[in-house]
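Numbering (full-length UniProt numbering), first residue to last: 1 to 223.
Notes follow the structure.
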């Protein structure tokens with residue numbers, strides 16, 4: 001804790017958004033009161049020394065995803081962002097949060113851990129497309145240039161499990177034209193069926209890609 005400047009912790013303590021710091025072993029060095037509340041921990045709980053797997057929170061089942069996020073920050077030494085989902089105290093509707101994680105550098109410019117910043121997203125159009133009550137990383141950048149922008153939208157909707165009729169209406173083509181699009185996608189990816197496509201998308205993390213048009217986060221896009 002002594003390695004984090006009081007100026008930062010004082011600012012985070014007063015913030016209305018969730019802030020936390022982990023060391024390079026993914027153990028907490030700090031968490032502000034909002035983080036404690038969102039994670040439904042006791043008000044005066046001291047998180048120092050714990051990792052995500054050891055905390056009894058509504059998100060414990062997703063600790064491996066959080067650690068994967070942390071690992072990417074340390075590997076890239078850059079900001080890495082994700083989107084997650086949680087059920088607030090009123091239990092009325094799933095809420096989405098945006099999480100930035102950054103490398104935390106000491107006075108010698110050596111990385112000593114990770115800073116995390118989470119904030120709610122009030123306008124997020126993925127609610128109609130993501131059906132699982134879980135936390136998940138998503139990727140707003142194209143995985144590659146093999147497919148066209150429209151073909152990636154088809155992949156996105158296909159991975160959400162919606163009907164072909166819905167997909168056709170969404171991209172404003174006939175069902176017959178949609179079949180032709182799928183045939184082109186199959187040829188480009190060297191697969192032969194929807195079952196193979198679903199497995200291929202899962203194995204290559206194509207199911208994590210979200211086209212920019214489906215984001216409505218206020219004031220920013222994921223990078």
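Think of the CB as a built atom: it goes at the ideal place given N, C-alpha and C, for glycine as much as any other residue.
Everything numeric in this text was worked out from a predicted model, so none of it was measured.
If we ignore side chains and look at the alpha-carbon of each, how far apart do residue 180 and residue 62 end up?
In this model, residue 180 and residue 62 are separated by some 38 Å (Cα to Cα).
Opposite residue 100 in the DSSP bridges: which residues?
Answer is 81, 117, bridged to residue 100.
What does DSSP give as the partner residues of residue 186 in its beta bridges?
For residue 186, which the question treats as bridged, DSSP gives no partner whatsoever.
Could you check if residue 70 is buried or exposed, using at least 16 other CB atoms within 10 Å of its CB as the buried criterion?
With 16 or more Cβ atoms within 10 Å of its Cβ, residue 70 is classed as buried.
Measure the C-alpha to C-alpha separation of residue 187 and residue 102 and round it to an integer number of angstroms.
A straight-line Cα-Cα distance of about 39 Å links residue 187 and residue 102.
Considering only residues of the same chain and omitting the five flanking positions on each side of residue 111, which have a CB-CB separation below 8 Å?
So the list reads 24, 74, 77, 103, 104, 105, once near-sequence residues are dropped.
Given this structure, state the Cα-to-Cα distance separating residue 84 from residue 97, to the nearest angstrom.
Straight-line Cα distance between these residues: approximately 5 Å.
Helix, strand or coil for residue 209? Go by DSSP, reduced to three states.
If DSSP states are grouped into helix, strand and coil, residue 209 belongs with the strands.
First and last residue of the uninterrupted alpha helix (DSSP H) at residue 200
From DSSP, the alpha helix (DSSP H) with residue 200 extends over 194-203.
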